[in-house]
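Colleague:
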Amino acid sequence: MSKKLLGGENTVGGTIKMEREGEEYNLKINAIIDEIPDNSHFHPEILVSLSTLYPTKKDALEDWIQNTLYTYLELRHKDDDQKVLNQLPKFLESQVGPRYASILEEGETINDMMTLKLKRLGDIHLRSQLEFELENNGSITLIYLFSAVAFLILVIASINFINLSTAQGETRSLEVGIRKVSGAHRKQLISQFITESIVITGISFIVAMVLVELLSPFYSNITGKVFSWFFFMEFKYLLLLLMIVLFTGISAGIYPAFFLTSFNPVTVLKSGKNGGNSKGLFRMILVVFQFFISISFIILSILIFFQMEFIQKMDIGYSKNNLIVVPVDSKDVNNSYESFKNELMAKPSMYKDVSSASELTTSHMYEASSMRKQGETDGHFIIHMSINYDFLKTMELDLIAGRSFSKEHMDTAHTRYIINETALKNLGWQKPDEAIGEFIEFLSNTEDNKTGELIGVVKDFHFKSMHQEIEPLVFRLNPEKLSYVYIRVNPDKKNEAIDYLAKLWNNKFPETEFNYFFLSDVLDNQYTSEKKLRDKLVIATFLAIIIACLGLFGLSLFIIKQKSREIGIRKVLGASVKSIIGLLSSRYLKWIAISTLLSWPVSYWIIHKWLQEFSIKIDIFEYWWVFLISGFMAAILSLLVISIQTIKYASINPATSLKYE
97 MSKKLLGGEN
107 TVGGTIKMER
117 EGEEYNLKIN
127 AIIDEIPDNS
137 HFHPEILVSL
147 STLYPTKKDA
157 LEDWIQNTLY
167 TYLELRHKDD
177 DQKVLNQLPK
187 FLESQVGPRY
197 ASILEEGETI
207 NDMMTLKLKR
217 LGDIHLRSQL
227 EFELENNGSI
237 TLIYLFSAVA
247 FLILVIASIN
257 FINLSTAQGE
267 TRSLEVGIRK
277 VSGAHRKQLI
287 SQFITESIVI
297 TGISFIVAMV
307 LVELLSPFYS
317 NITGKVFSWF
327 FFMEFKYLLL
337 LLMIVLFTGI
347 SAGIYPAFFL
357 TSFNPVTVLK
367 SGKNGGNSKG
377 LFRMILVVFQ
387 FFISISFIIL
397 SILIFFQMEF
407 IQKMDIGYSK
417 NNLIVVPVDS
427 KDVNNSYESF
437 KNELMAKPSM
447 YKDVSSASEL
457 TTSHMYEASS
467 MRKQGETDGH
477 FIIHMSINYD
487 FLKTMELDLI
497 AGRSFSKEHM
507 DTAHTRYIIN
517 ETALKNLGWQ
527 KPDEAIGEFI
537 EFLSNTEDNK
547 TGELIGVVKD
557 FHFKSMHQEI
567 EPLVFRLNPE
577 KLSYVYIRVN
587 PDKKNEAIDY
597 LAKLWNNKFP
607 ETEFNYFFLS
617 DVLDNQYTSE
627 KKLRDKLVIA
637 TFLAIIIACL
647 GLFGLSLFII
657 KQKSREIGIR
667 KVLGASVKSI
677 IGLLSSRYLK
687 WIAISTLLSW
697 PVSYWIIHKW
707 LQEFSIKIDI
717 FEYWWVFLIS
727 GFMAAILSLL
737 VISIQTIKYA
747 SINPATSLKY
757 E
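When we follow my numbering, the leftmost residue of the sequence shown carries the number 97, and every step to the right adds one.
And the structure:
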């Protein structure tokens, strides 16, 4: 910010002018701080004291019932958090309880209404997903998830190495036999093969580092993060990475090492073939596990895709398209809003409707108050939003009873209200028409209660993300509380509308920067993490399938080589290439069928858990075919891979495969 405003020079002691909520402030620069790290839970560009912003509201800001601020505590000792936490219920009773006495039900205490909790600063970025976070935080769950995905892909690759190594057993059996006859001990041979595995893993690691650098732009596009090698500069992380490489090399090489060194040297040197146990069951388990992971990834990727499509196409209760939102933080704009609106509406070919509101319809920063039907004692916390005339029309909200705000009826913020269906039910009405003309009270613990008439009921709409249920909402008319201007434009003249809007803004408000965004973009951004999850899982699925197919290729090579004599005999007896392919492929299809059956309950459980984060979600049972088609896709790919080897060996002249028998 220092570079942006003042060229990056040492400007401590200088002043800058800031406009906020229609007020101008001349701010003195007391310090310049370093850039806040990416792993912080918020990234302010300017820090301004509350006493500067609210010089006349000191008492209100220091009132114990003030809950619109974020409170940070510095403890004397890092382990004092539990002591502080134990004292919070008494603090609520003594400092906050008396102020809420008027809205507490009989026998209810302030601790029944609210709970105070502590969160360590270092835990907020990854371990806090509360509704009113300063920014969208990261997720430690996703980190664990993709670490598990990476681990599983590494396991699949290691299984491939095992299968390919054992497939080469016959080739290396003579080597092992000669070494044993020459006096080599089994331990020495095991060490040799494990060392080979570690060397191959190390070379793979170097190649992987090169690929990471080459693919880092692609990574940035998928994740929205910039890849940095800084992580590897710390010794402990570099050591961890090297330990992973070493562990992978040993894990992947240990079974082939024992398998290859188990050959009987006499049998090997006499026949030229290994005399080891084929360990068919073990290899079957490895392949089943590979395809269990791959098929699970396919199922999860497809279902996540359909959930995101469902959200995108879901009717949210208003028209989100072609709606431009202009943030407002200037007294000039507030004072000239009507003339600004009239000039826009004078261009009906470009602009359909214009209105304003105190909040963004996708924001979580709403005010809430306790409300009740007139004459009743129980209150209900209901979110309220200040809007201007024509807001319902501009948003294309469905008014199912009553009317909208009107200048003709002399509506004000405390005399007329409009509520949604959820608020209607919370307040005790069953039908919208029953509530029209009735009165509700705004309960206040700082001033007299306000009573107003209900003039309208709108159909429920999603004013938060679909992760949350629709909450009770009340609209109040307050044209002076202007924070966002909503402008619905003609889709055929969108670019012209933006150009004219920018020109008009700069002419009318030359000292106020023009910014805008489309509401649909903000709505889509609410599901950025889910989209990234989908994209990453698709990539992981692709890698898992490719690696699993490579493993199947290696195993099929191993088994077909073992059965070369059988294939030759069958061909001599008249078997066709097609029948041989069917015979050799049947065992793999059985393995994939087992993998598919195992993947179904696990995939269902994972996707069911993930869908719990959404208030609106797909019915998994309607997508039963996804579970079937995933196994079918894996079977088709496997048959293609297996057929390459099978056709090759089934086409060999039987005289070639039987001449040494």
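Think of the CB as a built atom: it goes at the ideal place given N, C-alpha and C, for glycine as much as any other residue.
Alpha carbon to alpha carbon, how far is K154 from M114? Give it in angstroms, no decimals.
Modeller: 20 angstroms
Colleague: Specify, as a first and last residue, the run of the alpha helix (DSSP H) that A497 falls within.
Modeller: Counting along the chain, A497 falls outside any alpha helix (DSSP H), though it belongs to the beta strand (DSSP E) covering 495-498.
Colleague: Helix, strand or coil for R172 per DSSP?
Modeller: coil
Colleague: Hey, which unbroken runs of the beta strand (DSSP E) at 3 residues or more fall wholly within the stretch 592-626?
Modeller: none
Colleague: Could you tell me if I129 is buried or exposed, where buried requires 16 or more neighbouring beta carbons within 10 angstroms of its beta carbon?
Modeller: With fewer than 16 Cβ atoms within 10 Å of its Cβ, I129 is classed as exposed.
Colleague: Relative to the alpha-carbon of S426, which residue among E609, I290, G279, S293 has its alpha-carbon at the smallest distance?
Modeller: The residue with the shortest Cα to Cα distance from S426 is E609.
Colleague: Between which two residues does the beta strand (DSSP E) harbouring S466 extend?
Modeller: 463-469
Colleague: Going by C-alpha to C-alpha distance, which of F314, V673, L169 sits closest to V322?
Modeller: Of the candidates F314, V673, L169, the one whose C-alpha sits nearest the C-alpha of V322 is F314.
Colleague: My understanding is that R512 touches E549, with C-beta atoms under 8 angstroms, so please give their C-beta distance in whole angstroms.
Modeller: 6 angstroms
Colleague: To the nearest angstrom, how far is the alpha carbon of K437 from that of E607?
Modeller: 19 angstroms
Colleague: Please classify S392 as buried or exposed, where buried requires at least 16 neighbouring CB atoms within 10 angstroms.
Modeller: buried
Colleague: So the candidates are E492, I748, Q284, I400; which of them puts its Cα closest to the Cα of L707?
Modeller: I400
Colleague: To the nearest angstrom, how far is it from the Cα of L165 to the Cα of L311?
Modeller: 42 angstroms
Colleague: Residue range of the beta strand (DSSP E) that D449 falls in?
Modeller: First-last of the beta strand (DSSP E) with D449: 447-453.
Colleague: So L578 and S452 are supposed to be a Cβ contact under 8 angstroms. How far apart are they, rounded?
Modeller: Rounded, the Cβ-Cβ distance is 5 angstroms, consistent with contact.
Colleague: Once you ignore the five residues that flank N373 on each side, which residues in its own chain have a CB closer than 6 angstroms to its CB?
Modeller: Its pLDDT being 48, under 50, N373 is placed unreliably by the model, and the measurement read from it follows with that caveat. Leaving aside the five residues that flank N373 on each side, none in its chain has a CB nearer than 6 angstroms to its CB.
Colleague: Quick one: grab the DSSP three-state call for P151.
Modeller: coil
Colleague: Within 10 Å of its beta-carbon, does R216 have 16 or more other beta-carbons around it, so buried, or fewer, so exposed?
Modeller: exposed
Colleague: Using a threshold of 8 angstroms, state whether the C-beta atoms of R666 and I676 are closer than that.
Modeller: yes
Colleague: Return yes when the C-beta of K489 is under 7 angstroms from any heavy atom of the ligand ZN, and no when it is not.
Modeller: This structure simply doesn't include the ligand ZN, nor any ligand for that matter.
Colleague: Whose CA, out of Y684, I725, F717, K705, lies closest to the CA of F385?
Modeller: Y684
Colleague: Are the beta-carbon atoms of Q470 and I394 separated by less than 8 angstroms?
Modeller: no
Colleague: My understanding is that N586 touches S445, with C-beta atoms under 8 angstroms, so please give their C-beta distance in whole angstroms.
Modeller: 6 angstroms
Colleague: As an exercise, report each continuous beta strand (DSSP E) stretch of at least 3 residues that is fully enclosed by the stretch 155-229, in chain order.
Modeller: none
Colleague: Taking a contact to mean a Cβ-Cβ separation below 8 angstroms, would you say L520 touches V553 in this structure?
Modeller: Yes. Within cutoff.
Colleague: Here's a check: name, in chain order, each residue in its chain whose Cβ is nearer than 8 angstroms to the Cβ of D556, leaving out the five neighbours to either side.
Modeller: G413, N516, E517, T518, I566
Colleague: On the criterion of 16 or more Cβ atoms from any shown chain inside 10 Å, does G109 qualify as buried, or is it exposed?
Modeller: exposed
Colleague: Cβ of P194 less than 8 angstroms from any chain C Cβ?
Modeller: You won't find chain C in this structure, because it holds only one protein chain.
Colleague: Using CA atoms only, rank isn't needed, just tell me which of I318, W325, V272, H704 is closest to V306.
Modeller: W325
Colleague: Do you know offhand how far G371's Cα is from G273's?
Modeller: Legend: pLDDT at G371 = 48, less than 50; position of this residue unreliable, value from coordinates given subsequently. Looking at the two C-alpha atoms, the distance is approximately 10 angstroms.
Colleague: Any idea if W721 is buried or exposed, counting beta-carbon neighbours within 10 angstroms, 16 or more meaning buried?
Modeller: Answer is exposed; the Cβ neighbour count stays below 16.
Colleague: To test your reading of the DSSP string, which unbroken alpha helix (DSSP H) runs of 4 or more residues are found completely within the stretch 552-587?
Modeller: none
Colleague: So the alpha helix (DSSP H) V722 belongs to, where does it begin and stop?
Modeller: 720-746
Colleague: Going by beta carbon distance, what residues of the same chain come within less than 7 angstroms of A746, once the five residues before and after it are set aside?
Modeller: So the qualifying residues of the chain are I663, V673, I676, I677.
Colleague: Give the secondary structure of H139 by DSSP, where H, G and I count as helix, E and B as strand, and everything else as coil.
Modeller: coil
Colleague: What residue does the beta strand (DSSP E) around K758 start on, and which one ends it?
Modeller: Given a span of 97 to 757 for the chain in the structure shown, any question on residue 758 remains unanswerable.
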